[in-house]
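Beneath this line is the structure, given in structure tokens, with notes to follow.
Protein chains: 2
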Amino acid sequence: MDNLGTMATTSTEYKTKKQLICEAAARLFRDKGYSATSMRDLAETVQLKASSLYNHIGSKEEILREICFTNARRFHIGMKEVEQLPHATASDKVRALIRLHIRIATEDFTSVTAFNDEWRHLSEPYLTEFKTLRKDYENRFLSIIEYGIQNGEFKPLDAFTTLYTLFSSVRWLYDWYKPERQVTPEALYEQIAAFLMSGLER
Amino acid sequence: MDNLGTMATTSTEYKTKKQLICEAAARLFRDKGYSATSMRDLAETVQLKASSLYNHIGSKEEILREICFTNARRFHIGMKEVEQLPHATASDKVRALIRLHIRIATEDFTSVTAFNDEWRHLSEPYLTEFKTLRKDYENRFLSIIEYGIQNGEFKPLDAFTTLYTLFSSVRWLYDWYKPERQVTPEALYEQIAAFLMSGLER
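Protein sequence lines correspond, in order, to chains C and R. Numbered per our numbering, the first sequence spans residues 1 to 202. Numbered per our numbering, the second sequence spans residues 203 to 404.
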């Protein structure tokens with residue numbers, strides 16, 4: 001799975017100002033809600049004057065769009081790599097996708113905003129575009145699970161329920177994971193995949 | 203597991219006005235965020251005049267408290283019943299708790315607010331009280347998992363990671379479950395428990 005990249009967390013020094021602003025915004029969206037977060041709150045959090053903040057980002061919704069579509073891209077690039085893995089079984093692919101979700105959740109806090117609730121605040125046409133990308137990702141993940149059920153690799157579970165249980169099961173990492181906790185993403189992957197995959201495999 | 207109650211959804215006719223207000227509020231908190239939801243929004247949603255709304259509920263925070271502590275009580279009553287199940291293995295108890303989480307998620311939409319993010323908006327001393335209840339529930343669940351690992355019923359997984367993966371794995375139901383979908387909570391339980399328990403059991 002080396003072609004999915006290492007699971008080390010991105011360290012602060014490699015982040016652009018824009019990324020740092022997006023992460024601070026994602027935390028504010030979580031803590032206060034998107035609607036109640038103002039550009040002034042954000043400027044204070046990142047210790048910039050409002051005027052300097054506008055050098056990096058045009059509006060609150062632009063930040064939300066940036067977060068949502070950057071993460072949608074990461075999930076889609078990951079999915080494409082997984083689909084193209086040579087000689088991979090459905091099981092290999094699901095493992096690689098669990099790893100992808102853990103990697104994204106532990107690397108970048110903004111992914112919670114994109115994957116969970118805050119995308120609902122996008123305006124049109126972005127909302128429809130985002131929902132289309134999300135649905136496409138879900139359908140491709142679902143196809144892999146269905147293929148594994150059909151070829152007998154997986155238990156005869158309901159594919160849809162399984163997909164959502166898988167998606168959801170790593171969601172606590174968003175609230176909980178901090179690099180300071182000294183649990184590596186790789187160790188988390190080993191534990192979580194051991195648990196989930198034996199639920200799935202025959 | 204009959205002593206945990208049936209899993210039928212509570213039908214509207216059995217809900218009090220206060221419950222209906224709390225559910226409408228929980229939906230607004232999800233869609234707009236707690237901070238951005240006003241009593242006026244709520245009055246409009248439940249089709250009451252603001253003055254009538256105040257006959258039922260004193261403030262937005264009172265609604266949040268009501269939601270959080272009502273649900274905390276439901277989880278604690280469920281936990282107590284599970285702990286007292288006679289001759290139950292760790293596996294029986296974890297199954298009963300998965301069933302409890304599915305039952306609460308499918309019966310009452312407000313539980314999302316309590317269990318997930320919105321409790322963060324409680325003010326003191328309620329915030330500390332709620333966090334204490336939540337921690338107590340987690341510790342009791344963790345003890346059951348640890349006991350199952352120690353006595354060899356469960357695989358030698360990390361108990362903490364397993365607990366959070368279990369908690370999280372039914373979270374999608376909050377966004378997705380609607381009685382109109384014609385999937386019974388019992389059918390969901392069968393699928394989800396089959397998946398999760400074979401991940402856990404040796």
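Heads up, the beta-carbon is just placed ideally off N, CA and C, and yes, glycines get one too.
Taking all protein chains shown into account, I21/C has 16 or more neighbouring C-beta atoms within 10 Å of its C-beta and is therefore buried.
Scanning F160/C, F154/C and H121/C for the CA closest to the CA of K135/C turns up F160/C. Per DSSP, R373/R lies in no alpha helix (DSSP H) and is assigned neither H nor E. DSSP, reduced to helix, strand and coil, places F109/C outside both helices and strands of the structure shown, so it counts as coil. Apart from the 5 residues on each side of it in sequence, R342/R sits with its Cβ closer than 6 angstroms to the Cβ of M281 in its chain, given in chain order. Neighbours of A36/C across chain R, judged by C-beta separation under 7 angstroms: G235, S237 and A238. The beta carbon of N273/R sits closer than 6 angstroms to the beta carbons of S313 and A316 from its chain, once the five residues preceding and following it are set aside; these are given in chain order.
By the criterion of at least three beta-carbon pairs nearer than 8 angstroms, the segment 218-232 of chain R is in contact with the segment 253-266 of chain R. Excluding its 5 nearest sequence neighbours in each direction, A26/C has C-beta neighbours in its own chain below 7 angstroms: I67, F109, T110, V112 and T113, listed in chain order. For a cut-off of 8 angstroms, the C-beta gap from V284/R to A298/R is around 5 angstroms, short enough to register as a contact. Just measuring C-alpha positions, the residue of T367/R, R404/R, R322/R and T364/R sitting nearest Y236/R is R322/R. H101/C is the residue among E62/C, H101/C and A90/C whose C-alpha sits nearest the C-alpha of H76/C.
Residue environment: A187/C is assigned as exposed (fewer than 16 neighbouring CB atoms within 10 Å of its CB, all protein chains considered). The three-state reading of DSSP puts E201/C in strand, counting E and B together. Counting C-beta atoms within 10 angstroms of its own C-beta, E107/C has 16 or more neighbours from the protein chains shown and is therefore classed as buried. Setting aside the 5 residues that flank it on each side, T89/C is surrounded in the same chain by G148 and E153, each with a C-beta closer than 8 angstroms to its C-beta; the list follows chain order.
Interface annotation, A194/C: in contact with chain R, CB-CB separation under 8 angstroms. Across the structure, E201/C and L402/R are spaced so that their CA atoms are roughly 13 angstroms apart. K155, L157 and D158: these are the residues of the segment 129-158 of chain C whose beta carbon lies less than 9 angstroms from some beta carbon of chain R, given in chain order. Residue environment for S240/R: exposed (fewer than 16 other C-beta atoms within 10 angstroms of its C-beta).
Counting only Cβ-Cβ distances below 7 angstroms, S169/C has contacts in chain R at T367, S370 and S371, in chain order. Excluding five sequence positions before and after N116/C, the CB atoms of its chain that fall closer than 8 angstroms to its own CB belong to R171 and Y174, given in chain order. Under the 10 Å beta carbon count, P327/R is surrounded by fewer than 16 other beta carbons and is classified as exposed. Classified as buried, R99/C has 16 or more neighbouring CB atoms from the shown chains inside 10 Å of its CB.
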